[in-house]
Amino acid sequence: MFEIHVFDTYDQVSEKAFEVMKEVVVSNPRAVLGLATGSSPVGLYKKLVDDFKVNRTSYKTITTYNLDEYVGIPQEHEQSYYTFMFQNFFAHVDIPHENIHMPVGISNDLKAYADAYELELQKHPQDIQLLGIGSNGHIGFNEPGTSFDMGTHIVDLKEQTRIDNARFFASLDDVPTQAMTMGIQDILRAKKILLIATGEKKAKAIAGMIEGPISEAVPCSILQKHPHVVVVLDKEAAKEL
Ligand code: GLP
Numbered sequence: 383m384f385e386i387h388v389f390d391t392y393d394q395v396s397e398k399a400f401e402v403m404k405e406v407v408v409s410n411p412r413a414v415l416g417l418a419t420g421s422s423p424v425g426l427y428k429k430l431v432d433d434f435k436v437n438r439t440s441y442k443t444i445t446t447y448n449l450d451e452y453v454g455i456p457q458e459h460e461q462s463y464y465t466f467m468f469q470n471f472f473a474h475v476d477i478p479h480e481n482i483h484m485p486v487g488i489s490n491d492l493k494a495y496a497d498a499y500e501l502e503l504q505k506h507p508q509d510i511q512l513l514g515i516g517s518n519g520h521i522g523f524n525e526p527g528t529s530f531d532m533g534t535h536i537v538d539l540k541e542q543t544r545i546d547n548a549r550f551f552a553s554l555d556d557v558p559t560q561a562m563t564m565g566i567q568d569i570l571r572a573k574k575i576l577l578i579a580t581g582e583k584k585a586k587a588i589a590g591m592i593e594g595p596i597s598e599a600v601p602c603s604i605l606q607k608h609p610h611v612v613v614v615l616d617k618e619a620a621k622e623l
């Protein structure tokens with residue numbers, strides 16, 4: 383079931399997402415947060431950090447699991463999702479390091495790491511899962527064609543996704559070709575999902591998610607089966623609804 387909010391500005395989108403996330407943290411100080419990267423949630427993280435500074439909303443007993451990570455780049459790489467999370471959020475709040483869980487891009491056994499991450503997720507289902515969306519309808523890095531039955535796994539990135547994300551790298555050749563991602567099953571396990579999308583480039587994916595047939599060709603369409611997805615959009619992203 384979708385609860386859809388459409389706003390004029392990115393700041394309003396971020397404010398609504400902030401209210402939804404803060405409510406979860408305040409109502410349950412032991413909440414498990416599923417977190418996401420990308421440009422869409424940057425405003426939300428900024429508001430959470432500002433709120434921490436002003437109101438001291440504590441993350442001491444919060445646990446987090448991130449959605450995904452590029453394969454082949456180390457945590458300290460400036461474009462790793464690990465770096466993103468510390469720069470935008472973790473370094474600025476009081477969350478203990480041991481409460482933070484993230485997929486990795488380098489390991490002597492990536493498959494074993496993904497399997498262990500999957501087991502942890504099954505033991506600690508997310509109270510809320512934050513999501514952005516790819517222009518091709520991917521969520522996390524579950525690309526079109528990914529089975530809806532997958533848990534955490536390694537995925538080959540589609541060319542479109544690499545092109546979309548090339549703006550963060552020196553060249554397209556520098557964009558990793560694989561990632562480790564929570565699977566659709568992991569995302570659906572969350573009690574609540576908060577999805578943020580802005581800009582015209584996301585309009586087709588958003589329409590497919592809400593109004594299209596449920597199909598592995600459009601991974602976000604599976605969210606129609608989830609009991610509570612809060613969708614926060616700007617007018618451009620909502621344009622094809
Ligand atoms: C990447 C991430 C996704 C994210 C998507 C959209 O592919 N793996 O989790 O939702 O980008 O990113 P942006 O918000 O920058 O448009």
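Remember, this note's numbering sits 382 above the position in the sequence shown when you count from 1.
In this text, a Cβ means the ideal position worked out from N, Cα and C, and glycines have one as well.
Hey, Phe530 and Ile455: beta-carbon distance below 8 Å or not?
No.
Identify whether Asn524 lies in helix, strand or coil by the three-state DSSP scheme.
Asn524 falls in the strand class under three-state DSSP.
As assigned by DSSP and simplified to three states, the class of Asn448
Strand, per DSSP.
Any contact of the stretch 439-448 with the stretch 467-480, i.e. 3+ C-beta pairs under 8 Å?
Yes, they touch.
Would you identify the three-state DSSP class for Glu541, choosing helix, strand or coil?
Of the three classes helix, strand and coil, the one that applies to Glu541 here is helix, per DSSP.
Who are the near neighbours of Asn410 in its chain, counting only those whose CB is closer than 8 Å to its CB and skipping five residues on each side?
Same-chain partners within the cutoff: Asp509.
Could you check what DSSP says for Asp476 in three-state terms: helix, strand or coil?
DSSP places Asp476 outside both helix and strand once states are collapsed to three, so it counts as coil.
Option nearest Met564 by Cα separation, candidates Glu618, Lys621, Ala418 and Gln394
Selected option, being the one with the closest Cα: Ala418.
Could you compute how far the alpha carbon of Lys428 sits from the alpha carbon of Ala494?
A direct Cα-to-Cα measurement between Lys428 and Ala494 gives close to 34 Å.
Below 8 Å, can you find three or more Cβ-Cβ pairs linking the stretch 515-528 to the stretch 428-437?
The answer is no - the stretch 428-437 does not touch the stretch 515-528, with fewer than three Cβ pairs under 8 Å.
Taking all protein chains shown into account, decide if Thr559 is buried (16 or more other Cβ within 10 angstroms of its Cβ) or exposed.
Answer is exposed; the Cβ neighbour count stays below 16.
Helix, strand or coil: which one does DSSP assign to Glu385?
Judged by DSSP in its simplified three-state form, Glu385 adopts strand.
Just mark Phe400 as buried or exposed, buried being the case when its beta carbon has 16 or more other beta carbons within 10 Å.
Buried.
Taking 8 Å as the cut-off, does the stretch 606-620 touch the stretch 537-554 (at least 3 CB pairs, one atom from each stretch)?
Note that the stretch 537-554 does not touch the stretch 606-620; fewer than 3 beta-carbon pairs, one per stretch, sit closer than 8 Å.
From the DSSP output, in three-state form, read off Met403 for me.
DSSP, reduced to helix, strand and coil, places Met403 within a helical segment of the structure shown.
Is Asn490 near ligand 1, with its Cβ less than 7 Å from a heavy atom?
Because no heavy atom of ligand 1 lies under 7 Å away, the Cβ of Asn490 does not count as near it: no.
From Val557 to Glu460, what distance separates their C-alpha atoms?
Each residue's alpha carbon lies about 12 Å from the other.
Between Ser462 and ligand 2, is there a pair consisting of the residue's CB and a ligand heavy atom that are separated by less than 7 Å?
This structure lacks ligand 2; its bound ligands are ligand 1.
Please list, in chain order, all residues of the same chain as Gly552 whose beta carbon is under 6 Å from its beta carbon, the five residues on each side excluded.
According to the sequence provided, residue 552 is Ala. The question's Gly does not apply to it. So the list is empty, once near-sequence residues are dropped.
Quick test of your reading: Gln533 and Glu480, contact by CB under 8 Å. State the CB separation rounded to the nearest angstrom.
The sequence shown places Gly at residue 533, rather than the Gln named in the question. Taking C-beta atoms under 8 Å as the contact rule, Gly533 and Glu480 fail to qualify, at a distance of about 23 Å.
Hey, could you find the ends of the alpha helix (DSSP H) Val374 is sitting in?
This structure gives no information on residue 374, because the portion of the chain shown stretches from 383 to 623.
Among the candidates Ile545, Met562 and Asp450, whose CA atom is the shortest distance from the CA of Leu492?
Of the candidates Ile545, Met562 and Asp450, the one whose C-alpha sits nearest the C-alpha of Leu492 is Met562.
Specify the secondary structure class of Leu415 as computed by DSSP and reduced to three states.
Residue state, collapsed to three classes: strand.
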